[in-house]
Amino acid sequence: MILDILSWISIAIGAFFVLVGGIGIWRMPDLFSRMHPAGIIDTAGAGFLLLGLLLQSGDWLVSVKLVLIFVFLLFTSPVATHALAHAALLDGLKPWTRRRDKARDKDGEP
Amino acid sequence: MDAEARQGARQGRRAIDLYLNIILLVFVAATGIAAVWLRNLLASAMVLGIYSLLMASLWVVLDAVDVAFTEAAVGAGVTTVLMLLAIALTGRREKRARSRPWAPLAVSLATAGLLVYATLGMPAFGSADAPAQLHVAPYYLRHGEAETGVPNVVTSVLASYRGFDTLGEVTVIFTAGIGVLVLLGSASRRRRNSATPAKGDSA
Amino acid sequence: MMFLAAAGALIAAMVLALARAFAGPTVYDRILAVNHIGTQTVLLIAVMGFITGRPDFLDISLLYALINFVATIAVLRYVKRGRSTADKES
Amino acid sequence: MLHAVGLFAVLFGTWILLSGHFTPFLLIAGAVCAALTVAITLRMDLLDQQRDFVGPVWRLPLYWLWLAGQIILWSLIVARQVLAPRLDIDPVLQRLPCSQRSDLAKVMYANSITLTPGTVSTDVGDGEIEVHALTRAAMEDLKSGDMDRRVSATEAKRTKAAAADAP
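Protein chains in written order, with numbering that gives the first Met the number 0: chain L, 0 to 109; chain X, 0 to 202; chain G, 0 to 89; chain H, 0 to 166.
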């Protein structure tokens, strides 16, 4: 019973973080600032969701697979994000800053 | 759990499946239209990757786990890379079509209509008395593991009962893969050998 | 019920990421969106496995987590070099 | 050789965990597949031969726990910024010094930075690392060097082999 409650709480927190990440991807002004909320999905969102599922699994093989999914995400997501940011910077994309917003110059591909 | 509760749970699950199907199909339609709509071919390739992921999720909802595997590996992985290679060899932007292609549109709409009409003649999804469930399927389910020693039914059917069939498929896929590699290899070699420096694809 | 709430949140986040993938404006925004739709699909399939009581769905989740990464890196390599990965490797 | 054996162990372990069946046929098939993969990896010369990553391994779980705490903390902070009615962000791009010597520790540091919401590493060079932060506060937190020190603490002491490898 306590396990159930704990897992519900964990899943709820995970769902909240996933939602926040989604909103952030839509709301932030440029690529670089979008990466930060997007990262929440991969770490806190996925972590709490999978933890909640883990508490519900009851089978060690299932638990191992859930942990493996999380470990894969933890290893791949920062590499992908880093590669993305690096590639975008090399391509000449300039990060959005407060000053540039006032200057109103736009960048990115037409 | 008593029978009544189990019945309720099953109905609830069916309702969830229905809603998930509807949502995912809407997503699939939206991505499909967007992929055609976008002029930037790179963006189209990205959107097609999403399309494959959504289709794979749809297969999972339909309980076709093995098809979902293939869709994820081939659709989202290999196809995206092949598309990018094709774009690298041609160009990033789609040319604006001059003529309005009414005839092809009519043909595709007619085909789509026929296909939808054909689905009306199919047995209901998952119905127990469909022809597919009556002949060899029960036999495979009952004797599959004992006869082949493979725990997964689908694997035992593919690799054992229809082994020759699968061998043929694998041969075709292997040949196609070699063909693609040869084509790409020769194209990139030609480009490297040509005196003009390969110009970037920034269009 | 909580599984359903999680699935709902994931689908809502997917809608937002889809919108970002369609809107762009740069290729990199789209890649970011694709990558995170991939992650959300992984989580959605895992949650769906628990809703329908078939935890073997987790195998697909695992596969997606890996393929998603490979696809993202392949795309980035192509975009970064302005030409294909085959150019370099063949 | 140690690397090859380690790779085989990891691959075979993954096979067992994912299959969940323990019949002799499937176990042998798994061993053969893992061995074949290792053989191909060796032939393609993909194995990393760097020797210096065997550090104080017992420190890693401690570091991961600390990192998990940081991730949750910064997730909440970034979540509040995302949900705020007016976007109150001030992104900065800056190069910071880093004290790791081995490539592996550098990768670990860069990935830790990226994993923590609010900061993303964008470039890793010799002795410095380029970071994009969502707010100045996130950048200041990183500048304090706390994470940098903790990652370096998990690194191996400089051995002869490592010194020869290092540029």
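C-beta: ideal position from N, C-alpha, C; glycine also.
| field | Beta-carbon neighbours of V118 (chain G), restricted to chain X and to distances below 8 Å | value | The first residue shown for chain G is 0 and the last is 89, placing residue 118 (chain G) beyond what the model contains.
| query | Does any C-beta atom of chain L lie closer than 7 Å to the C-beta of R19 (chain G)? | reply | Here residue 19 (chain G) refers to the residue found at position 20 when the third sequence is read from its first residue. Output row for R19 (chain G): interface = yes.
| Any idea which residues DSSP pairs R97 (chain L) with across the strands? | Position 98 of the first sequence holds residue 97 (chain L). The partner list for R97 (chain L) (beta bridge, DSSP) is empty, contrary to what the question assumes.
| said: So with CB distances below 7 Å, who are the chain H contacts of G23 (chain L)? | reply: Translated into the one-based positions of the first sequence, residue 23 (chain L) becomes position 24. Ordered by position in chain H, the residues that pass the 7 Å Cβ test against G23 (chain L) are V81.
| said: Using 8 Å for Cβ pairs, my map puts I10 (chain G) next to V59 (chain X). What's the rounded Cβ distance? | reply: For the purposes of this step, residue 10 (chain G) is identified with residue 11 of the third sequence, where counting begins at 1. For the purposes of this step, residue 59 (chain X) is identified with residue 60 of the second sequence, where counting begins at 1. The Cβ separation is near 14 Å, so there is no contact.
| said: Could you check whether the Cβ of V169 (chain X) sits closer than 6 Å to any heavy atom belonging to the ligand COA? | reply: As for the ligand COA, it is missing from this structure, which has no ligand bound.
| message | I'd like to check one pair, Y139 (chain X) with V153 (chain X): are the Cβ atoms closer than 7 Å? | response | In the second sequence, residue 153 (chain X) corresponds to position 154, counting from 1. In the second sequence, residue 139 (chain X) corresponds to position 140, counting from 1. No, they are not a contact pair.
| request: Return no unless some Cβ of chain H is closer than 7 Å to the Cβ of P100 (chain X). | output: The residue labelled residue 100 (chain X) in the question sits at position 101 within the second sequence. No - not a single Cβ of chain H is within 7 Å of the one on P100 (chain X).
| said: What does the alpha-carbon distance come out to for the pair V135 (chain X) and A70 (chain G)? | reply: Taking the first residue of the second sequence as 1, we reach residue 135 (chain X) at position 136. Taking the first residue of the third sequence as 1, we reach residue 70 (chain G) at position 71. Roughly 38 Å separates the two Cα atoms.
| Does the region 11-18 of chain L come close enough to the region 43-51 of chain L that 3 or more CB-CB pairs lie under 8 Å? | yes
| Taking the beta strand (DSSP E) that E129 (chain H) falls in, what are its first and last residues? | For the purposes of this step, residue 129 (chain H) is taken as residue 130 along the fourth sequence, with counting starting at 1. Per DSSP, E129 (chain H) belongs to the beta strand (DSSP E) from E127 to A132.
| query | Are M47 (chain G) and W7 (chain L) touching if we call contact CB-CB under 7 Å? | reply | For the purposes of this step, residue 47 (chain G) is identified with residue 48 of the third sequence, where counting begins at 1. For the purposes of this step, residue 7 (chain L) is identified with residue 8 of the first sequence, where counting begins at 1. No, they are not a contact pair.
| query | Which term fits E88 (chain G), buried or exposed, when burial requires 16 or more other beta carbons within 10 angstroms of its beta carbon? | reply | Position 89 of the third sequence, counted from the first residue, corresponds to residue 88 (chain G). For E88 (chain G), the predicted structure reports a pLDDT of 32, less than 50, and the residue's modelled location is therefore unreliable. The matter cannot be settled from this model.
| task | Name the two residues that bound the continuous beta strand (DSSP E) containing L95 (chain H). | result | Stepping through the fourth sequence from its first residue, residue 95 (chain H) is reached at position 96. It spans V91 to P96 - the beta strand (DSSP E) in which L95 (chain H) sits, taken as one unbroken run.
| query | Hey, is H131 (chain H)'s beta-carbon within less than 7 Å of any beta-carbon in chain X? | reply | For the purposes of this step, residue 131 (chain H) is taken as residue 132 along the fourth sequence, with counting starting at 1. False, the Cβ-Cβ gap to chain X never drops below 7 Å.
| message | Against chain H, which members of the region 140-167 of chain X pass a CB distance test of less than 8 Å? | response | G148 and P150
| field | Continuous alpha helix (DSSP H) stretch holding D28 (chain G): start and end | value | In the third sequence, counting from the first residue as 1, residue 28 (chain G) sits at position 29. D28 (chain G) -> alpha helix (DSSP H) spans V26 to I50.
| Mind pulling the beta strand (DSSP E) runs of 3 or more residues that sit fully within the region 51-95 of chain X? | If only complete runs of 3 or more residues are kept, the region 51-95 of chain X shows no beta strand (DSSP E) anywhere.
| Residues in its own chain within less than 7 Å of S56 (chain L) by CB, not counting five upstream and five downstream? | Here the question's residue 56 (chain L) lines up with position 57 in the first sequence. S62 and L65.
| said: Going by DSSP, what residue range makes up the alpha helix (DSSP H) through V77 (chain H)? | reply: Within the fourth sequence, numbered from 1, the residue matching residue 77 (chain H) stands at position 78. Residues R58 to L82.
| Three-state secondary structure (DSSP) at T115 (chain H)? | As a first step, residue 115 (chain H) must be located in the fourth sequence, where it is residue number 116. If DSSP states are grouped into helix, strand and coil, T115 (chain H) belongs with coil.
| field | Three-state secondary structure (DSSP) of T121 (chain H) | value | Within the fourth sequence, numbered from 1, the residue matching residue 121 (chain H) stands at position 122. In the structure shown, T121 (chain H) sits in a strand (DSSP, three-state: E or B).
| message | Which residues of the region 75-99 of chain X have a Cβ closer than 7 Å to any Cβ of chain G? Give them in chain order. | response | A75, G76, T79, V80, L83, L84 and A87
| query | Apart from the five residues just before and just after L46 (chain H), which ones in its own chain have a Cβ nearer than 8 Å to its Cβ? | reply | By 1-based counting over the fourth sequence, the position of residue 46 (chain H) is 47. Closer than 8 Å at the Cβ level, and outside the excluded window around L46 (chain H), lie H2, A3, L6 and T40.
| field | Where the alpha helix (DSSP H) containing T80 (chain L) begins and where it ends | value | Counted from its first residue, the first sequence places residue 80 (chain L) at position 81. Secondary structure note for T80 (chain L): its alpha helix (DSSP H) is the uninterrupted segment W59 to L89.
| field | Supposed close pair A55 (chain X), G74 (chain X) - CB separation, criterion 8 Å | value | Walking along the second sequence from the start, residue 55 (chain X) turns up at place 56. Walking along the second sequence from the start, residue 74 (chain X) turns up at place 75. About 7 Å separates the two Cβ atoms, so the contact holds.
| field | Endpoints, the alpha helix (DSSP H) within which H35 (chain L) is located | value | The residue given as residue 35 (chain L) occupies position 36 in the first sequence. Taken as a continuous stretch (DSSP letters only), the alpha helix (DSSP H) holding H35 (chain L) covers L30 to I39.
| task | Taking I30 (chain G) as the query, report the chain L residues whose CB atoms sit under 8 Å from its CB, ordered along the chain. | result | Against the third sequence, residue 30 (chain G) aligns to sequence position 31. The answer, in chain order, is L83.
| request: Compare the C-beta of G107 (chain L) with all C-beta atoms of chain G and state if any pair is closer than 7 Å. | output: The residue labelled residue 107 (chain L) in the question sits at position 108 within the first sequence. Residue placement at G107 (chain L) is poorly supported in this model, since its pLDDT is 42, which falls under 50; the coordinates still yield a value, given next. Interface residue, yes.
| query | Are there 16 or more other CB atoms within 10 angstroms of the CB of Y18 (chain X), so buried, or fewer, so exposed? | reply | Within the second sequence, residue 18 (chain X) is the residue found at index 19, counting from 1. Counting Cβ neighbours within 10 Å, Y18 (chain X) comes out exposed, since fewer than 16 surround it.
| Does the separation of the CB atoms of L18 (chain L) and A12 (chain G) fall below 7 Å? | Here residue 18 (chain L) refers to the residue found at position 19 of the first sequence. Here residue 12 (chain G) refers to the residue found at position 13 of the third sequence. Closer than 7 Å, so yes.
| request: Can you have a look at R42 (chain H) and say buried or exposed, based on whether 16 or more other CB atoms are within 10 angstroms of its CB? | output: To locate residue 42 (chain H), count along the fourth sequence from 1; it is residue 43. Classification for R42 (chain H): exposed.
| task | Just the C-alpha distance for F163 (chain X) and V179 (chain X), rounded to the nearest angstrom, thanks. | result | By 1-based counting over the second sequence, the position of residue 163 (chain X) is 164. By 1-based counting over the second sequence, the position of residue 179 (chain X) is 180. When rounded, the distance between both Cα atoms is 24 Å.
| message | Just to confirm, is the Cβ distance from I66 (chain G) to G76 (chain X) under 7 Å? | response | Stepping through the third sequence from its first residue, residue 66 (chain G) is reached at position 67. Stepping through the second sequence from its first residue, residue 76 (chain X) is reached at position 77. Yes, the Cβ-Cβ distance between I66 (chain G) and G76 (chain X) is below 7 Å.
| Nearest chain G C-beta to S51 (chain X) closer than 7 Å, yes or no? | Position 52 of the second sequence holds residue 51 (chain X). Closer than 7 Å: no.
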